[in-house]
Amino acid sequence: MAKAIVVEELGKRYRIGQLQSAYGTLRDALAEGAARIVRRERKPTYEEIWALRDVSFEVTEGEVLGVLGRNGAGKSTLLKILTRITNPTTGTATIRGRVGSLLEVGTGFHPELTGRENIFLNGSILGMKRKEILRKFDEIVEFAGVEKFIDTPVKRYSSGMSVRLAFAVAAHLEPEILLVDEVLAVGDAEFQRRCLGRMEDISMTGRTVLFVSHNMQTLTALCNRAIWLDQGAIVRDGKSSEVVAQYLQAGFGTGSQREWPDVETAPGNQYVRMRFVRVVQDGRVVDAVDVRRPVGIEIGFRVFDGAPPLFPKIKLWDAQSNVAFNAMDTSRRWDDPPPPGDYVCTAWIPGNLLNEGLMTVLTQICSIDVTKLWPHASGGNVAFHVQDPGEGDSARGRYAGQWKGVVRPLLDWTTEWS
Amino acid sequence: MRELWHYRELLFRLVWRDVVVRYKQTSIGVLWAILQPFLTMVVFTLVFGKFADFPSKGVPYPIFTYSALLPWTYFASSVAQSSSSIVGNRALVTKVYFPRVLAPLAGVTVPIVDFMLAFTVLVGMMIWFGIFPTAAIVFAPLFLLMALVSALGVGLFLSAVNVRYRDVPYAIPFLMQMWLFLSGVVFAITSLPERWQWILALNPMTAVINGFQWGVIGTPAPDLGKTLVSVGAACSFFIVGLWYFRRSEPRFADTI
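From first to last, the protein sequence lines stand for chains G and W.
With the numbering used here applied, the first sequence covers 21 to 438.
With the numbering used here applied, the second sequence covers 972 to 1227.
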């Protein structure tokens, strides 16, 4: 079989700080340059990090390859190199065929332009020809469900609508090689199902797909092979079910679930050991949750003989490491030593409480010593994305812009008018 | 080159986006394109034509300065737009691949629309003053092409610098103001001493304006030698700009 993607000893080096801002002002640069000449200094040296190092793999035509790894493992950098957005520092990536990417949907949407105009603009940006867009236009509009607003400027769309439209355009690309980043699991559950269906269709038609995801179920279902990246290097490359199993076992990364099949080696002590931690919504384990509905943090653990009084506790923080809250189960049942056995406790975080974005949860089984908490078993971190489908009934209403804060409660407002 | 051809539709879309947005946002969009050079012409006529009595190649000063302002305005807005094109399209540059050259290229293409609009006013003025173009008008587009090539060269260079240094856009109006006075917009370069004319020929805009006026309003033909010097300068701008742009291009997505 012909190779669609050949990656050889790929490396990408960044200067520390370059990820945030590598630009300055000409004024400062000139002033510094002059100062250096005066003081006869050398150029400042920078610390460097390798986002990718010695990564080699091949993808045969028609293969669906999954890429997994925790945040910062180098997945996005890999995709950026494969799509030629950025150049590798070392090594080569050879790609045969037209590449389409769903790295970031809605790229190049212009708020002043109408839905129709944006379809054409976005389509061209993604590399579609005008004829191709014309041919698929109706399909795209229908997929996005924005028929009525097609001639309305996108700035008047709800954020859900514009995301759906953006995804619809991207999903109708017909590249030979498709690169997908999971973050596009957007919109409501129904729309997400449609997107996944579309993904499956694409992979069925014998196209090469590279799929980056945190969602282990989807990854195992869609891909036959997977590679696991950590700290810029490939840890495992093999059958997706096996790689996923090893990944989960290692308790690596912060997916939305962790499991310790072997209770002997699970985190804990002689009184209690962890069995699993999961993020659930509407009865399913999920990576992305709807901001409007409650999210459950399920903690499964086993209690052994002679355990002291215990209780489950969670701590939650956002992507900027701001602690949102600590919470523990204060019910009277934990006042006494719990009888041995398997427990599953679920902490329910109400809907319309958290803000959008990545939330990380630390789960622990603790006991109290008046002013000290003693963790007996720690389930480590699980993480989930809070998303707003943008249908106007969440705390952001019809506002689609940036929204600060760790929490974003839907408050009761009263108004007096005279 | 082949790749650029492959992406020609995207270039068209980028240009089309900028044009549509420009004329959508401001209700006086079309008027703006005309008013800007026209009002400048009025001010220049009053200040430099009447008061300072600058030389104008023997044609009425309004015609002289307006016909110089047209290619100049095109050049100045092309430089401004293409210089900010990479940073202005940050979302695109960091998220999808396309030949980056397209962004500055679109930047020098969009102002053509404004030029066309403002050109209609020149036609009106020429009828008013009873001035008619000569056969040399066939060369006018060539001189405009020269303005495009020079603007693209400067734009390529500055857009790459702008990725590193964000204060570049603040320096551009100043640069353009200086440049304006060295291009023969307010007074006829041809009435300067010969020695100065040769030095100013290094500025391609002098030849563009002289050539454009020769073609459209029938002023004396520009000197061939000096024009060739300007053509050479325009080409060097372009080559240096492109070279620097290509050299910086791989770092755009990481730095921006």
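Backbone N, C-alpha and C fix where the C-beta goes; we use that ideal spot for every residue, glycine too.
Legend entry - Distance, W:Ile1102 Cα to G:Arg104 Cα: 54 angstroms
Inset, instruction - Taking 8 angstroms as the threshold, find out whether the stretch 138-149 of chain G comes into contact with the stretch 212-221 of chain G through three or more Cβ pairs. - result: With a cut-off of 8 angstroms, the stretch 212-221 of chain G and the stretch 138-149 of chain G do not count as touching, because too few Cβ pairs lie within range.
Legend entry - Assigned exposure category for W:Leu975 - 16 Cβ within 10 Å defines buried: exposed
Legend entry - Contacting residues, own chain, Cβ-Cβ under 7 angstroms from G:Ser387 (five flanking each side not counted): So the list reads Pro328, Pro329, Leu330, Trp394, His396, once near-sequence residues are dropped.
Inset, instruction - Just the C-alpha distance for W:Pro1140 and W:Glu1220, rounded to the nearest angstrom, thanks. - result: 19 angstroms
Legend entry - Interface partners of G:Ser121 on chain W, CB under 9 angstroms: Lys1066, Val1067, Tyr1068
Inset, instruction - Using a Cβ cut-off of 9 angstroms (strictly closer), state whether G:Lys149 contacts chain W. - result: yes
Inset, instruction - Could you list which residues in chain W have their beta carbon closer than 9 angstroms to that of G:His192, in chain order? - result: Residues of chain W whose Cβ lies closer than 9 angstroms to the Cβ of G:His192 do not exist; the shortest such Cβ separation is about 16 angstroms.
Legend entry - Host beta strand (DSSP E) of G:Gly258 (start-end): First-last of the beta strand (DSSP E) with G:Gly258: 253-259.
Inset, instruction - Could you tell me how far apart the beta carbons of W:Thr1161 and W:Ala1089 are, in whole angstroms, since I believe they sit closer than 8 angstroms? - result: Their Cβ separation, rounded to whole angstroms, is 24 angstroms, which puts W:Thr1161 and W:Ala1089 out of contact at 8 angstroms.
Inset, instruction - Note down, one range per segment and in chain order, each alpha helix (DSSP H) of at least 4 residues found wholly within the stretch 47-117 of chain G. - result: 95-102
Inset, instruction - State whether the stretch 68-86 of chain G contacts the stretch 222-236 of chain G, with contact taken as three or more CB pairs (one from each stretch) at a distance under 8 angstroms. - result: Three or more beta-carbon pairs separated by less than 8 angstroms link the stretch 68-86 of chain G to the stretch 222-236 of chain G, which places the two stretches in contact.
Inset, instruction - Verify whether the separation of the beta carbon atoms of W:Asp1194 and W:Gln1168 is less than 9 angstroms. - result: Against a cut-off of 9 angstroms, the Cβ pair of W:Gln1168 and W:Asp1194 comes out as a contact.
Inset, instruction - Output, in chain order, the set of chain W residues within a Cβ distance shorter than 7 angstroms of G:Ser144. - result: Around G:Ser144, the beta-carbon contacts reaching into chain W at under 7 angstroms are Glu980, Leu981, Arg984.
Legend entry - Member of W:Val1187, W:Val1001, W:Ile1034, W:Ile1005 whose CA lies at the smallest distance from the CA of W:Thr1016: W:Ile1034
Legend entry - Buried or exposed (CB count within 10 angstroms, at least 16 for buried), W:Ile1057: buried
Inset, instruction - Measure the alpha-carbon distance for W:Leu1171 versus G:Val166 and round it to whole angstroms. - result: Distance between the alpha carbons of W:Leu1171 and G:Val166 is about 58 angstroms.
Legend entry - G:Gly258 versus G:Ala241: straight-line alpha-carbon distance, rounded: 15 angstroms
Inset, instruction - Enumerate in chain order the residues of its own chain whose CB-to-CB distance from G:Asp362 is below 6 angstroms, with the five nearest sequence positions on each side excluded. - result: Arg322
Inset, instruction - Could you pull out every residue in the same chain whose Cβ sits closer than 7 angstroms to the Cβ of G:Val161, ignoring the five residues on either side in sequence? - result: Glu167, Ile170
Inset, instruction - Using 10 angstroms around the beta-carbon of G:Ser41, count the other beta-carbons present and answer buried if the total reaches 16, otherwise exposed. - result: Confidence is the limiting factor: at G:Ser41 the pLDDT is only 49, short of 50, which leaves the residue's position unreliable and the question unanswerable from this model.
Inset, instruction - Compute the distance between the beta-carbons of G:Ser276 and G:Val402, then report whether it is under 9 angstroms. - result: yes
Legend entry - Neighbourhood of W:Leu1213 by C-beta, 6 angstroms cutoff - its chain only, sequence neighbours within 5 removed: Leu1127
Inset, instruction - Could you tell me which of G:Glu152, G:Ala71, G:Val426 sits nearest to G:Ala448, measuring between CA atoms? - result: Here chain G has residues from 21 to 438 only, and residue 448 of chain G is not among them.
Legend entry - Which listed residue (G:Phe296, G:Asp349, G:Gln290) has its alpha carbon closest to that of G:Trp280: Scanning G:Phe296, G:Asp349, G:Gln290 for the CA closest to the CA of G:Trp280 turns up G:Phe296.
Inset, instruction - State whether the stretch 1203-1211 of chain W contacts the stretch 1148-1156 of chain W, with contact taken as three or more CB pairs (one from each stretch) at a distance under 8 angstroms. - result: no
Inset, instruction - Using a cut-off of 8 angstroms between C-beta atoms, extract the partners of W:Tyr1215 located in chain G. - result: Ordered by position in chain G, no residue passes the 8 angstroms Cβ test against W:Tyr1215, which lies about 15 angstroms from the chain.
Inset, instruction - Could you spell out where the alpha helix (DSSP H) holding G:His396 opens and where it closes? - result: Counting along the chain, G:His396 falls outside any alpha helix (DSSP H), though it belongs to the beta strand (DSSP E) covering 392-407.
Inset, instruction - Output the boundary residues of the beta strand (DSSP E) element that contains G:Val200. - result: 197-201
Inset, instruction - Confirm the yes/no value for this check: CB of G:Ser96, any heavy atom of the ligand MN, distance under 8 angstroms. - result: Summarising the ligand content, the structure contains no ligands, and the ligand MN is consequently not present.
Legend entry - Under 9 angstroms by beta carbon: chain G residues contacting W:Lys995: The CB of W:Lys995 comes closer than 9 angstroms to the CB of Glu132, Leu133, Pro173 in chain G, given here in chain order.
Legend entry - Inter-stretch contact (C-beta, 8 angstroms, three-pair minimum) for the stretch 46-57 of chain G and the stretch 186-201 of chain G: no
Inset, instruction - Please name the residue or residues paired with G:Gly143 in a DSSP beta bridge. - result: According to DSSP, which records beta bridges pairwise, G:Gly143 is partnered with nothing at all.
Inset, instruction - With a 10 Å radius around its C-beta and 16 neighbouring C-beta atoms as the bar for buried, classify G:Phe404 as buried or exposed. - result: Under this definition G:Phe404 is a buried residue.
Legend entry - Validate contact between the stretch 1077-1086 of chain W and the stretch 982-991 of chain W using beta carbons, cut 8 angstroms, 3 pairs: yes
Legend entry - Contact set for G:Gln38: own chain, Cβ-Cβ below 6 angstroms, skip 5 residues either direction: Caution is warranted here: a pLDDT of 42 is assigned to G:Gln38, below 50, making its placement in the model unreliable, and the coordinate value is therefore given only provisionally. Once the five neighbours on either side are set aside, G:Gln38 has no close Cβ partner at all.
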